[in-house]
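Heads up, the thing below is written out as C-alpha coordinates.
Residue numbers (the numbering used here): 419 to 557.
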(Lines of atoms letter the chains of each structure in order from A and count residues from 1; the text may use other names and numbers.)
(Lines give C-alpha, C1' and ligand atoms only; values in the text may rest on other atoms or scores of the structure.)
Protein backbone atom coordinates (compact mmCIF):
# COMPACT_ATOMS: atom_id res chain seq x y z
CA UNK A 1 0.00 0.00 0.00
CA UNK A 2 1.48 3.33 -1.00
CA UNK A 3 1.75 6.18 1.47
CA UNK A 4 -0.66 9.11 1.06
CA UNK A 5 0.54 12.08 -0.98
CA UNK A 6 1.52 15.12 1.04
CA UNK A 7 1.66 18.74 -0.06
CA UNK A 8 5.09 20.32 -0.44
CA UNK A 9 5.46 24.01 -1.19
CA UNK A 10 8.49 25.88 -2.49
CA UNK A 11 8.60 29.68 -2.58
CA UNK A 12 11.55 31.59 -3.98
CA UNK A 13 11.98 35.30 -3.27
CA UNK A 14 14.85 37.38 -4.63
CA UNK A 15 15.52 41.08 -4.87
CA UNK A 16 17.92 42.96 -7.12
CA UNK A 17 18.64 46.68 -6.67
CA UNK A 18 20.48 48.80 -9.23
CA UNK A 19 21.47 52.43 -8.67
CA UNK A 20 23.25 54.38 -11.38
CA UNK A 21 24.87 57.63 -10.30
CA UNK A 22 22.49 59.86 -8.36
CA UNK A 23 19.37 58.43 -9.96
CA UNK A 24 16.82 56.67 -7.79
CA UNK A 25 17.52 53.02 -7.17
CA UNK A 26 15.47 50.56 -9.20
CA UNK A 27 14.46 47.38 -7.43
CA UNK A 28 13.29 44.21 -9.12
CA UNK A 29 11.66 41.61 -6.92
CA UNK A 30 10.78 38.15 -8.12
CA UNK A 31 8.55 35.70 -6.37
CA UNK A 32 7.77 32.18 -7.49
CA UNK A 33 5.46 29.85 -5.69
CA UNK A 34 4.85 26.27 -6.66
CA UNK A 35 2.61 23.80 -4.93
CA UNK A 36 2.81 20.16 -5.84
CA UNK A 37 1.59 16.96 -4.27
CA UNK A 38 4.57 14.66 -4.06
CA UNK A 39 5.16 11.15 -2.78
CA UNK A 40 8.95 11.24 -2.47
CA UNK A 41 11.29 13.26 -0.30
CA UNK A 42 13.53 15.60 -2.30
CA UNK A 43 17.01 14.27 -3.07
CA UNK A 44 19.45 16.49 -1.16
CA UNK A 45 23.23 16.29 -1.23
CA UNK A 46 26.13 18.47 -0.09
CA UNK A 47 29.05 17.92 -2.45
CA UNK A 48 32.65 19.08 -2.70
CA UNK A 49 33.11 20.09 -6.34
CA UNK A 50 36.56 20.44 -7.88
CA UNK A 51 37.67 21.64 -11.28
CA UNK A 52 36.58 18.36 -12.93
CA UNK A 53 33.00 18.21 -14.27
CA UNK A 54 30.64 16.24 -11.97
CA UNK A 55 27.19 15.23 -13.38
CA UNK A 56 24.15 16.14 -11.26
CA UNK A 57 22.18 13.04 -10.31
CA UNK A 58 18.49 12.94 -9.41
CA UNK A 59 18.99 10.14 -6.86
CA UNK A 60 15.77 8.34 -6.00
CA UNK A 61 13.60 11.05 -7.63
CA UNK A 62 12.25 9.28 -10.72
CA UNK A 63 10.55 12.30 -12.31
CA UNK A 64 12.56 15.42 -11.40
CA UNK A 65 10.77 18.73 -11.70
CA UNK A 66 12.80 21.29 -9.72
CA UNK A 67 16.56 21.71 -9.23
CA UNK A 68 18.10 23.95 -6.59
CA UNK A 69 21.87 24.49 -6.57
CA UNK A 70 23.68 26.66 -4.02
CA UNK A 71 27.34 27.62 -3.76
CA UNK A 72 27.56 27.29 0.03
CA UNK A 73 31.05 28.76 0.25
CA UNK A 74 30.97 31.79 2.54
CA UNK A 75 31.54 35.09 0.79
CA UNK A 76 34.86 36.54 1.92
CA UNK A 77 34.60 40.29 2.47
CA UNK A 78 38.33 40.87 2.06
CA UNK A 79 38.41 39.34 -1.44
CA UNK A 80 37.13 41.17 -4.50
CA UNK A 81 33.93 39.74 -5.99
CA UNK A 82 35.82 38.81 -9.18
CA UNK A 83 38.22 36.65 -7.10
CA UNK A 84 35.50 34.69 -5.24
CA UNK A 85 35.35 30.95 -6.00
CA UNK A 86 32.72 30.17 -8.65
CA UNK A 87 30.49 27.11 -8.94
CA UNK A 88 29.86 26.49 -12.65
CA UNK A 89 26.78 24.75 -14.06
CA UNK A 90 26.98 23.31 -17.55
CA UNK A 91 27.11 20.25 -19.74
CA UNK A 92 29.95 17.81 -20.37
CA UNK A 93 30.64 19.56 -23.70
CA UNK A 94 30.32 23.13 -22.32
CA UNK A 95 31.08 23.12 -18.58
CA UNK A 96 30.94 26.91 -18.07
CA UNK A 97 27.34 28.00 -18.82
CA UNK A 98 26.13 29.62 -15.54
CA UNK A 99 28.26 30.60 -12.55
CA UNK A 100 27.20 30.96 -8.92
CA UNK A 101 29.38 33.10 -6.67
CA UNK A 102 29.92 32.42 -2.98
CA UNK A 103 26.54 32.22 -1.21
CA UNK A 104 24.50 32.43 -4.43
CA UNK A 105 21.83 29.94 -5.46
CA UNK A 106 19.75 29.02 -8.48
CA UNK A 107 16.32 27.38 -8.56
CA UNK A 108 15.02 26.15 -11.90
CA UNK A 109 12.60 23.69 -13.46
CA UNK A 110 14.58 20.59 -14.45
CA UNK A 111 13.47 17.36 -16.12
CA UNK A 112 16.70 15.42 -15.58
CA UNK A 113 18.67 16.59 -18.64
CA UNK A 114 22.41 15.81 -18.36
CA UNK A 115 24.05 18.77 -16.59
CA UNK A 116 26.76 19.02 -13.98
CA UNK A 117 28.99 21.16 -11.80
CA UNK A 118 32.62 22.29 -11.68
CA UNK A 119 34.48 25.05 -9.83
CA UNK A 120 36.96 27.78 -10.61
CA UNK A 121 39.01 30.05 -8.35
CA UNK A 122 39.55 27.44 -5.62
CA UNK A 123 40.68 23.84 -5.25
CA UNK A 124 37.07 22.91 -4.45
CA UNK A 125 33.72 24.51 -3.66
CA UNK A 126 31.01 23.14 -1.37
CA UNK A 127 27.67 22.89 -3.18
CA UNK A 128 24.18 22.05 -2.00
CA UNK A 129 22.07 20.22 -4.61
CA UNK A 130 18.34 19.55 -4.11
CA UNK A 131 16.21 17.70 -6.65
CA UNK A 132 12.45 17.72 -6.10
CA UNK A 133 9.88 15.50 -7.76
CA UNK A 134 7.65 16.86 -10.53
CA UNK A 135 4.54 15.83 -8.58
CA UNK A 136 1.03 16.77 -9.56
CA UNK A 137 -1.04 19.92 -9.05
CA UNK A 138 -3.33 20.05 -6.00
CA UNK A 139 -6.97 19.44 -6.83
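Ideal placement from N, C-alpha and C gives every residue a C-beta, glycine not left out.
ask   = Under a three-way DSSP split, which group does residue 492 fall into?
value = coil
query = Are residue 461 and residue 439 touching if we call contact CB-CB under 8 angstroms?
reply = no
Expected contact under 8 angstroms - CB spacing of residue 525 and residue 535 to nearest Å = That belief does not hold up - the Cβ atoms of residue 525 and residue 535 are roughly 15 angstroms apart, past 8 angstroms.
request  = Compute the distance between the beta-carbons of residue 550 and residue 463, then report whether it is under 8 angstroms.
outcome  = no
key: residue 481 (DSSP reduced to helix, strand or coil)   = coil
query = Are the Cβ atoms of residue 543 and residue 489 separated by less than 8 angstroms?
reply = yes
inquiry  = Using CA atoms only, rank isn't needed, just tell me which of 447, 531 and 466 is closest to residue 434.
reply    = 447
query = Quick one: what's residue 526 bridged to in DSSP?
reply = 485
message = I need the straight-line Cα distance from residue 517 to residue 457, nearest angstrom please.
response = 32 angstroms
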